[in-house]
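Visitor: Before we start, here is the structure in question, set down as structure tokens.
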Amino acid sequence: MSLWQHLWPPRPRRLERLSDILGAGRDELVTFAGSVEPLEAIHDPVSGELAVAIDYRAAPPHSVVGVAGALSVISRTFHVARQQAVDFLVAEGPHRVLVCVDRGTDLDAFHRDLLTRHGVGLRTERALVRPGDRVCVIGRRLGARPTSPLRDEPYLAVVRAQRFWPLEPPPA
0 MSLWQHLWPP
10 RPRRLERLSD
20 ILGAGRDELV
30 TFAGSVEPLE
40 AIHDPVSGEL
50 AVAIDYRAAP
60 PHSVVGVAGA
70 LSVISRTFHV
80 ARQQAVDFLV
90 AEGPHRVLVC
100 VDRGTDLDAF
110 HRDLLTRHGV
120 GLRTERALVR
130 PGDRVCVIGR
140 RLGARPTSPL
150 RDEPYLAVVR
160 AQRFWPLEPP
170 PA
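Just so we're aligned, residue 0 is where the sequence shown starts under numbering that gives the first Met the number 0, counting upward by one.
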């Protein structure tokens, strides 16, 4: 990466409709939004909810609270953060885009390990991307896979996600 690209990174091409991804070139940086459709799901290690991505934070209890017990609040001087995600589809009407993500850490095993070390005083916070949530994705469009002229692909394109996040639901 050049100094120029480091100081002024390329801006992604915003796709108003999911079908506009057909006009994007290979390795082009794009951003789009749509509803999540899971290919597979992972489980929240605490609540058991289904999700396609989990941002997990945990803070073990401190053995000394404040200076000689002077503070009555929980100290957060030490906490751990991990993520886990699986590939998913982003849908808008009849159109689908396959979003490939980095899988991250196995949160079930990680949470179990923290519980055995720190016990029930372990405090956790989780942010989940659930099936059906609306998400915004920034990523690079990958080249199309070779196909047969007699078969339609189930999705328009494949995108390697650099970032994605849930969008707020519209006000009712």
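A virtual CB, placed ideally from N, CA and C, is assigned to each residue, including glycine.
None of the values given here were measured: they were computed from a predicted structure.
Assuming contact is defined by CB atoms lying nearer than 9 Å, are residue 125 and residue 26 in contact in what I supplied?
Guide: no
Visitor: Using three-state DSSP, classify residue 107 as helix, strand or coil.
Guide: Correct three-state label for residue 107: helix.
Visitor: Starting from residue 5, follow the alpha helix (DSSP H) in both directions and report where the run begins and ends.
Guide: 2-6
Visitor: If you measure between the beta carbons of residue 39 and residue 86, is that distance less than 9 Å?
Guide: yes
Visitor: So for residue 151, helix, strand or coil by DSSP?
Guide: coil
Visitor: Are the CB atoms of residue 89 and residue 134 within a distance shorter than 9 Å?
Guide: yes
Visitor: Taking 8 Å as the cut-off, is the C-beta of residue 47 nearer than that to any heavy atom in the ligand GDP?
Guide: The model on display carries no ligand, and the ligand GDP is accordingly not part of it.
Visitor: Three-state secondary structure (DSSP) at residue 10?
Guide: The answer is coil: DSSP assigns residue 10 none of H, G, I, E or B.
Visitor: Could you say which of 59, 128, 111, 101 lies nearest to residue 79 if we only look at CA atoms?
Guide: Closest option to residue 79, judged by alpha-carbon separation, among 59, 128, 111, 101: 59.
Visitor: Under a three-way DSSP split, which group does residue 112 fall into?
Guide: Residue 112 falls in the helix class under three-state DSSP.
Visitor: Give the single residue among 138, 104, 166, 148 whose Cα lies nearest to the Cα of residue 159.
Guide: 138
Visitor: Less than 8 Å between C-beta atoms, sequence neighbours within five positions excluded: which residues of the same chain meet that for residue 42?
Guide: 48, 49, 50, 107
Visitor: Taking all protein chains shown into account, do 16 or more other C-beta atoms lie within 10 angstroms of the C-beta of residue 110, making it buried, or fewer, making it exposed?
Guide: Under this definition residue 110 is a buried residue.
Visitor: Residue 136 lies in the beta strand (DSSP E); which residues open and close that run?
Guide: 133-140
Visitor: Classify residue 8 as buried or exposed, calling it buried when 16 or more other Cβ atoms lie within 10 Å of its own Cβ.
Guide: Result: exposed.
Visitor: Distance, Cα to Cα, residue 136 vs residue 104?
Guide: 21 Å
Visitor: Check residue 118 in the structure and name its three-state DSSP category.
Guide: helix
Visitor: Between which two residues does the beta strand (DSSP E) carrying residue 97 extend?
Guide: 94-99
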